[in-house]
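*Asks:* Please see the structure below; I have some questions.
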Amino acid sequence: MYDEISSNKRKSILLISIFIIVIIILGYLIGFYIGNVILGPIMAFLISIIFILISYFAGDKLILSMSHAKEVNKKDYPHLVNTVEGLSIAAGIPTPKIYTIEDSAINAFASGRSPKHAAVTVTTGAIKRLNREELEGVIGHEMSHIKNYDVRFMMLAVLLVGVITLLSDFILRTFLFSRGGDREGKGGIFVVIILLGLVLAILSPLIAQLLKFAISRKREFLADANGTLLTRNPMGLANALKKIRDDKEPLVEAANKATAALFIENPLRKIGGKINSLFSSHPDVNERIRRLEKM
């Protein structure tokens with residue numbers, strides 16, 4: 102358990118370092134284009150620090166806002182609140198804030214930079230359609246993510262990759278639509294920046310998926326196993342995953358490609374079909390069920 106926590110902390114530092122390096126390189130190229138190779142990297146470094154601080158301290162709020170999540174009133178969902186509180190005690194972590202997404206689909210995710218600043222979000226479909234043991238299985242899975250600091254790494258990955266994607270789009274728009282007079286004498290570097298922007302625009306979704314592979318596939322299996330240690334009931338989560346697998350509708354309004362890796366099961370799995378499954382941020386749900394049934 103402690104090895105998993107240390108590994109995720111190291112990965113978070115590595116992810117931030119890569120993000121800063123990419124931004125500084127882009128800043129240097131932009132600075133060279135505008136005729137000030139010192140100002141460009143300095144501004145890029147400062148911007149990257151600002152985005153990292155925003156991601157770290159406000160990333161969970163941004164993700165909850167993107168997901169249209171609303172904080173739970175205990176009077177409305179007492180069973181959900183009691184379940185989260187009980188499993189928090191079992192996990193030895195503070196009780197996270199609890200949110201719901203108004204949607205009939207069955208899904209859930211955890212967010213936050215640490216166990217002290219965490220949240221669990223559950224769809225109303227999960228609350229209504231899962232029985233007590235199944236809901237406990239889902240919450241136990243999310244508690245494992247929180248305890249192991251998976252959520253911080255996943256949250257940083259989602260937000261920082263999104264920033265790089267937006268930056269590449271900004272570069273394309275800025276230089277593709279810049280005035281002809283601004284380009285005179287800068288043809289070579291202009292072409293380089295445009296090509297870099299194109300490469301980033303094309304590769305950013307693939308980079309995002311590769312990050313999700315590194316995060317999610319192994320982490321989901323581990324969270325399944327560690328979650329069942331909290332509930333002592335692997336079939337609760339297995340049966341919940343069966344219902345999620347058989348759910349007819351994806352969670353399209355509250356999820357997108359950037360945040361899909363955070364959910365207990367890919368909320369967009371029905372959209373891309375077999376091709377999308379090749380790039381899924383989650384391991385095969387049937388394999389997860391088989392492993393749980395063998396416990």
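Position in the sequence shown counted from 1, then plus 101, gives you the numbering used here.
Cβ atoms here follow ideal geometry from the backbone N, Cα and C, with glycine treated the same way.
Would you kindly work out how many angstroms separate the C-alpha atoms of Ala-400 and Asp-251, rounded to a whole number?
*Replies:* Only positions 102 to 396 of the chain appear in this structure, which leaves residue 400 out of reach.
*Asks:* What residues in its chain sit with their C-beta under 7 Å from that of Gly-373, if we drop five residues either side in the sequence?
*Replies:* Model confidence at Gly-373 stands at a pLDDT of 49, short of 50, so the residue's coordinates are unreliable; what they give is reported in the following sentence. Around Gly-373: no qualifying Cβ.
*Asks:* Can you give the beta carbon distance from Met-244 to Leu-304, rounded, assuming they're within the 8 Å contact cut?
*Replies:* No, Met-244 and Leu-304 are not in contact; Cβ-Cβ is about 35 Å, not under 8 Å.
*Asks:* In the DSSP assignment, find the unbroken alpha helix (DSSP H) run with Lys-395 in it and report its ends.
*Replies:* 386-395
*Asks:* Return the bridge partner residues of Gly-446 from the DSSP annotation.
*Replies:* Within the shown structure, residues of the chain are numbered from 102 to 396, placing residue 446 beyond reach of any answer.
*Asks:* Going by DSSP, what residue range makes up the beta strand (DSSP E) through Ile-199?
*Replies:* 198-202
*Asks:* Do Gly-238 and Ile-207 have their C-beta atoms within less than 8 Å of each other?
*Replies:* no
*Asks:* Where does Thr-225 fall in DSSP's three states?
*Replies:* helix
*Asks:* When the Cα atoms are used, what is the spatial distance from Leu-140 to Gly-328?
*Replies:* 49 Å
*Asks:* From Asn-340 to Phe-158, what distance separates their C-alpha atoms?
*Replies:* 35 Å
*Asks:* Would Ile-153 and Pro-142 be called neighbours here (beta carbons separated by less than 8 Å)?
*Replies:* no
*Asks:* Sorted by chain position, which residues of the same chain lie with C-beta nearer than 6 Å to Ala-224's C-beta, five sequence neighbours on each side aside?
*Replies:* Sequence check: residue 224 is Thr here, not Ala. If we look at Thr-224 and ignore the five residues flanking it on each side, its Cβ neighbours are Ile-202, Asp-204, Ala-206 and Asn-208.
*Asks:* Assuming the contact rule is C-beta atoms closer than 8 Å, Gly-193 and Thr-332 should be a hit. Round their C-beta distance to whole Å, please.
*Replies:* With a Cβ gap of about 15 Å, Gly-193 and Thr-332 do not count as contacting.
*Asks:* Looking only at DSSP bridge pairs, what is Glu-172 linked to?
*Replies:* Tyr-200
*Asks:* Look at the Cβ atom of Lys-175, then the Cβ atom of Val-185, and state whether they are nearer than 8 Å.
*Replies:* The beta carbons of Lys-175 and Val-185 sit no closer together than 8 Å.
*Asks:* How would you write the range of the alpha helix (DSSP H) that Asn-340 sits in, first residue to last?
*Replies:* 335-347
*Asks:* Output the distance between the C-alpha atoms of Asp-177 and Arg-230, rounded to the nearest integer angstrom.
*Replies:* 16 Å
*Asks:* Where does the unbroken alpha helix (DSSP H) through His-383 begin, and where does it stop?
*Replies:* Run containing His-383: none; DSSP gives neither H nor E here.
*Asks:* Residues in the same chain with beta-carbon distance under 7 Å from Ala-145, minus the five sequence neighbours each way, listed in chain order, please.
*Replies:* Ile-124, Ile-125, Leu-127 and Gly-128
*Asks:* Keeping to the same chain, check which residues put their C-beta closer than 7 Å to that of Pro-91; ignore five residues upstream and five downstream.
*Replies:* Absent from the structure is residue 91, since the part of the chain shown begins at 102 and ends at 396.
*Asks:* To the nearest angstrom, how far is it from the Cα of Ser-149 to the Cα of Lys-112?
*Replies:* 18 Å
*Asks:* At the level of alpha carbons, what is the spacing between Lys-344 and Asn-137?
*Replies:* 58 Å
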